[in-house]
Amino acid sequence: MQNLCRTLLGAGAAPARPKTALLTPLASGAAPRVRCVAWETAPLTWKDRSCPMCELFAISAGQDCTACKYLPHFAEKSRNNLSGWGIGFFRDGQVLIEKSSESIYAGEQVHDGFLRLTRVVDSRLIISQVCGPQTGQRKESLLLPRSDQFFHHHWLFSFRGDSRKVIAYQSPRPIMPEVLSSAAGRVLEFIRDGMEAEMQVWPGQNLYQALALTCKRLITDYPGDYLFFLANETVLFVFLNHGEVLLYQPPEARGEALVLTTVSGSLTGDPEHWQAFANADRSRGQILIISGADLLYQGHL
Amino acid sequence: MTPPVSCPCLPPGAAATFTAGGSVSSAAASRWWRSPQNRFYRDGRPHDSFQCLARVVAKPIILAHIRYRSSGKVDECHAHPFSLDFWGQSWLFAHNGEAGAIESYRSRQTPLLEADSDSARTFEFLRDQFAEAASRPTHPTFLQILQEALAGLIRQYPGEYNFLLSNGRFLWAFTNHRQFLLLKGSRQLEDALLLTTIEEGLSPEDWRTISLREGTWGKILLVAGGDLVLEEDLWPLPAYPAISGQDLPSRQSLSN
Numbered sequence: 027m028q029n030l031c032r033t034l035l036g037a038g039a040a041p042a043r044p045k046t047a048l049l050t051p052l053a054s055g056a057a058p059r060v061r062c063v064a065w066e067t068a069p070l071t072w073k074d075r076s077c078p079m080c081e082l083f084a085i086s087a088g089q090d091c092t093a094c095k096y097l098p099h100f101a102e103k104s105r106n107n108l109s110g111w112g113i114g115f116f117r118d119g120q121v122l123i124e125k126s127s128e129s130i131y132a133g134e135q136v137h138d139g140f141l142r143l144t145r146v147v148d149s150r151l152i153i154s155q156v157c158g159p160q161t162g163q164r165k166e167s168l169l170l171p172r173s174d175q176f177f178h179h180h181w182l183f184s185f186r187g188d189s190r191k192v193i194a195y196q197s198p199r200p201i202m203p204e205v206l207s208s209a210a211g212r213v214l215e216f217i218r219d220g221m222e223a224e225m226q227v228w229p230g231q232n233l234y235q236a237l238a239l240t241c242k243r244l245i246t247d248y249p250g251d252y253l254f255f256l257a258n259e260t261v262l263f264v265f266l267n268h269g270e271v272l273l274y275q276p277p278e279a280r281g282e283a284l285v286l287t288t289v290s291g292s293l294t295g296d297p298e299h300w301q302a303f304a305n306a307d308r309s310r311g312q313i314l315i316i317s318g319a320d321l322l323y324q325g326h327l
Numbered sequence: 023m024t025p026p027v028s029c030p031c032l033p034p035g036a037a038a039t040f041t042a043g044g045s046v047s048s049a050a051a052s053r054w055w056r057s058p059q060n061r062f063y064r065d066g067r068p069h070d071s072f073q074c075l076a077r078v079v080a081k082p083i084i085l086a087h088i089r090y091r092s093s094g095k096v097d098e099c100h101a102h103p104f105s106l107d108f109w110g111q112s113w114l115f116a117h118n119g120e121a122g123a124i125e126s127y128r129s130r131q132t133p134l135l136e137a138d139s140d141s142a143r144t145f146e147f148l149r150d151q152f153a154e155a156a157s158r159p160t161h162p163t164f165l166q167i168l169q170e171a172l173a174g175l176i177r178q179y180p181g182e183y184n185f186l187l188s189n190g191r192f193l194w195a196f197t198n199h200r201q202f203l204l205l206k207g208s209r210q211l212e213d214a215l216l217l218t219t220i221e222e223g224l225s226p227e228d229w230r231t232i233s234l235r236e237g238t239w240g241k242i243l244l245v246a247g248g249d250l251v252l253e254e255d256l257w258p259l260p261a262y263p264a265i266s267g268q269d270l271p272s273r274q275s276l277s278n
């Protein structure tokens, strides 16, 4: 913690004012626990608002596990991304998120704080995101993953995509009050609001159906490129209407863990065991449902 | 967990299954009633052991089953849920319905369940289908394998199948001859999801009835984290040919 914060304090051009660091465990309805101090800097450009080059990672397992076997490779493959990183996970029913606005790579080494977290974070579900190569500093509050609470669950959300139009979405319950908000924040709001509306119309509806209808409306009302992970402590949903997600089930440990990433190429020495889920038609999309080490369902919109 | 005090609505000897999600139940803790001399009701009250377990078991998923013999003997080995390991995990299985045709099924896998009943053979049949799928070069989804297995089961061994299958993290429910009653947000268990075959539900609350769609071979539900995550119909063959690589995302030769 101290090392990470020290690194952050020494970084960034002309920090303006520190933003409150949230260090308390997540209670019902509270903000997620986020370590580190963020520094608000220059106004964001358009590139900051989208997330075209972000890379995503997730590991879902039957038991608590670390991602130390995969996350360093994930960082290595994302080394050109300079705009920050985050790791989110579940522990004892709480959402914990660690973020830094520093580059994932410093010189020839993966960020110390990131490496330390890969060793110590153990959870049945870990999501990480390395943000794209935008110029300038990013606001910590815009880094992903981020969390929200709905349907009696805490949810982790990570996003990669490019949609200018979704910025216009105005949620009745905005997550971030900032004037310049991110596409990722708007997408999460749209998904949450849409699923809640679906459930209000038909309370017995299943989560997949609510999510699928909402995603369909998202890509219809706000055409663009979307790829996101949305997870509670039990289930991970993946939606994509562009690009591809690679899935890996360690052959020597079937039933133990499942790894997902958006980086091209595999994160292991056995690329033949990685399975690609690609989506070429932006007007459609697909949803994967994952729980533990199992890919349970693949549905097309 | 819905306490067994809800079960006096059961007609004596009726079969019931229910599960609770959220933070209350356990998949591994329901193999409790193993004596054929034990009956669910004694002196007009639910069995003491059942009541005791209902109070102390607190896990994400619970399965419970009260047997009314339609196949096999009244014997400890026939009490559900059964347990088998496959797909790299341990699974619990509870079934009701009459499916005499499946009693002739002989599994080539081990171990075999001791019970000599349609329920035991059904569980072994499903286990064998997943064992076969594990060796395929492609990686179908769990639901694809389950759908294919169920279509093959119903085609080869026609009968009444109504079961719960869980690995402790999520639960699949299937029926081709009855309906499920589902309650989310009960007064006693706000975050839990309750599922039962008891036609009137387990409480006077507003239980949702999930019935078969006409023309289908059954209804499949996926429950996890106290939520109904997925609801699918099982369509008659040939909607489920053997899963081929063309149906699935192909593995790619990826370079580092």
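First to last, the sequence lines map onto chains A and B. 27 is the number of the first residue of the first sequence in my numbering; add one for each residue after it. 23 is the number of the first residue of the second sequence in my numbering; add one for each residue after it. Using N, Cα and C, we set each Cβ at its ideal position, and we do this for glycine too. Remember, predicted model here, so these are calculated numbers, not experimental data.
Delimiting residues of the alpha helix (DSSP H) encompassing residue 177 of chain A: As a first step, residue 177 of chain A is located in the first sequence; it is residue number 151 there, counting from the start. First-last for residue 177 of chain A: undefined, no H or E at that position.
Bridge-paired residues (DSSP) for residue 117 of chain B: As a first step, residue 117 of chain B is located in the second sequence; it is residue number 95 there, counting from the start. According to DSSP, residue 117 of chain B bridges with B/185.
Contact set between the region 178-193 of chain A and chain B, restricted to residues whose Cβ is under 8 Å from the partner: 178, 179
Straight-line gap, residue 267 of chain A to residue 249 of chain A (C-alpha atoms, nearest Å): As a first step, residue 267 of chain A is located in the first sequence; it is residue number 241 there, counting from the start. As a first step, residue 249 of chain A is located in the first sequence; it is residue number 223 there, counting from the start. Their Cα atoms are separated by approximately 10 Å.
C-beta contact flag for residue 161 of chain B and residue 182 of chain B at 7 Å: The residue given as residue 161 of chain B occupies position 139 in the second sequence. The residue given as residue 182 of chain B occupies position 160 in the second sequence. No, they are not a contact pair.
Identified DSSP bridge partners for residue 105 of chain B: Sequence index remark: in the second sequence, residue 105 of chain B carries index 83 (1-based). In DSSP, residue 105 of chain B forms a bridge with B/114.
Min CB distance residue 197 of chain B to chain A below 7 Å: By 1-based counting over the second sequence, the position of residue 197 of chain B is 175. Taking Cβ atoms only, chain A never reaches closer than 7 Å to residue 197 of chain B, which makes this a no.
7 Å Cβ cut-off: residues of chain A touching residue 230 of chain B: Counting from one through the second sequence, the residue named residue 230 of chain B turns up at place 208. Near residue 230 of chain B (Cβ distances below 7 Å), the residues of chain A are 230.
Neighbouring residues, chain A, relative to residue 109 of chain B (Cβ below 7 Å): Translated into positions along the second sequence, residue 109 of chain B becomes position 87. Ordered by position in chain A, the residues that pass the 7 Å Cβ test against residue 109 of chain B are 281.
Chain-ordered neighbours of residue 320 of chain A on chain B, where CB pairs are closer than 7 Å: Walking along the first sequence from the start, residue 320 of chain A turns up at place 294. By Cβ distance, chain B contributes 164.
As assigned by DSSP and simplified to three states, the class of residue 153 of chain A: For this step, residue 153 of chain A is matched to residue 127 along the first sequence. Three-state DSSP puts residue 153 of chain A in a strand.
Where the alpha helix (DSSP H) containing residue 234 of chain A begins and where it ends: Your numbering for residue 234 of chain A matches position 208 in the first sequence. It spans 233-247 - the alpha helix (DSSP H) in which residue 234 of chain A sits, taken as one unbroken run.
Beta bridge counterpart(s) of residue 257 of chain A as assigned by DSSP: In the first sequence, residue 257 of chain A corresponds to position 231, counting from 1. Looking at the DSSP assignment, residue 257 of chain A forms a beta bridge with A/182, A/262.
Among A/259, A/288, A/270, the one whose alpha carbon lies nearest that of residue 88 of chain A: Translated into positions along the first sequence, residue 88 of chain A becomes position 62. Nearest C-alpha to residue 88 of chain A: A/259.
Terminal residues of the beta strand (DSSP E) in which residue 99 of chain B lies: Indexing the second sequence from 1 puts residue 99 of chain B at position 77. Segment: none, residue 99 of chain B is in no beta strand (DSSP E) and carries neither H nor E.
Interface flag, residue 234 of chain A vs chain B, CB-CB below 7 Å: Locating residue 234 of chain A in the first sequence gives position 208, where the first residue counts as 1. So yes, residue 234 of chain A belongs to the interface.
Burial state of residue 132 of chain B (16 or more Cβ within 10 Å): Indexing the second sequence from 1 puts residue 132 of chain B at position 110. It is exposed - the Cβ of residue 132 of chain B has fewer than 16 other Cβ atoms within 10 Å.
Beta-carbon spacing of residue 195 of chain A, residue 216 of chain A below 7 Å: On the first sequence, residue 195 of chain A is found 169 positions in, with the first residue counted as 1. On the first sequence, residue 216 of chain A is found 190 positions in, with the first residue counted as 1. A contact, by the Cβ cut-off of 7 Å.
CB contact check: residue 253 of chain B to chain A, cutoff 7 Å: Residue 253 of chain B sits at position 231 when you count from the first residue of the second sequence. True, the Cβ-Cβ gap to chain A drops below 7 Å.
Segment contact, 8 Å Cβ cut-off, at least three pairs: the region 135-143 of chain A with the region 89-104 of chain A: yes
Beta-carbon proximity of residue 230 of chain B to residue 204 of chain B, cut-off 7 Å: Numbered from 1 along the second sequence, position 208 holds the residue referred to as residue 230 of chain B. Numbered from 1 along the second sequence, position 182 holds the residue referred to as residue 204 of chain B. It is a contact, given that the beta carbons lie within the stated cut-off.
Unbroken alpha helix (DSSP H) run spanning residue 141 of chain B, endpoints: To locate residue 141 of chain B, count along the second sequence from 1; it is residue 119. Start and end: 140-156.
C-beta contact flag for residue 284 of chain A and residue 86 of chain A at 7 Å: Taking the first residue of the first sequence as 1, we reach residue 284 of chain A at position 258. Taking the first residue of the first sequence as 1, we reach residue 86 of chain A at position 60. It is a contact, given that the beta carbons lie within the stated cut-off.
Which of helix, strand or coil DSSP assigns to residue 132 of chain A: Taking the first sequence and counting its residues from 1, one reaches residue 132 of chain A at position 106. Reduced to three states, the DSSP call for residue 132 of chain A is strand.
Check whether residue 142 of chain A and residue 90 of chain A have beta carbons under 7 Å apart: By one-based count along the first sequence, residue 142 of chain A stands at place 116. By one-based count along the first sequence, residue 90 of chain A stands at place 64. The answer is no: Cβ separation not under 7 Å.
Touching by the beta-carbon criterion (3+ pairs, under 8 Å), the region 211-228 of chain B and the region 246-256 of chain B: yes
Residue 312 of chain A, enclosing beta strand (DSSP E) - first and last residue: Here residue 312 of chain A refers to the residue found at position 286 when the first sequence is read from its first residue. Element bounds for residue 312 of chain A: 312-317.
Stretch pair the region 172-180 of chain A + the region 221-230 of chain A: three plus CB contacts closer than 8 Å: yes
Residue nearest to residue 115 of chain A in terms of C-alpha spacing, selected from A/155, A/131, A/187, A/289: Within the first sequence, numbered from 1, the residue matching residue 115 of chain A stands at position 89. The shortest Cα separation from residue 115 of chain A among A/155, A/131, A/187, A/289 belongs to A/155.
Given residue 189 of chain B as reference, the closest of B/101, B/76, B/112 once Cα atoms are compared: In the second sequence, counting from the first residue as 1, residue 189 of chain B sits at position 167. The shortest Cα separation from residue 189 of chain B among B/101, B/76, B/112 belongs to B/112.
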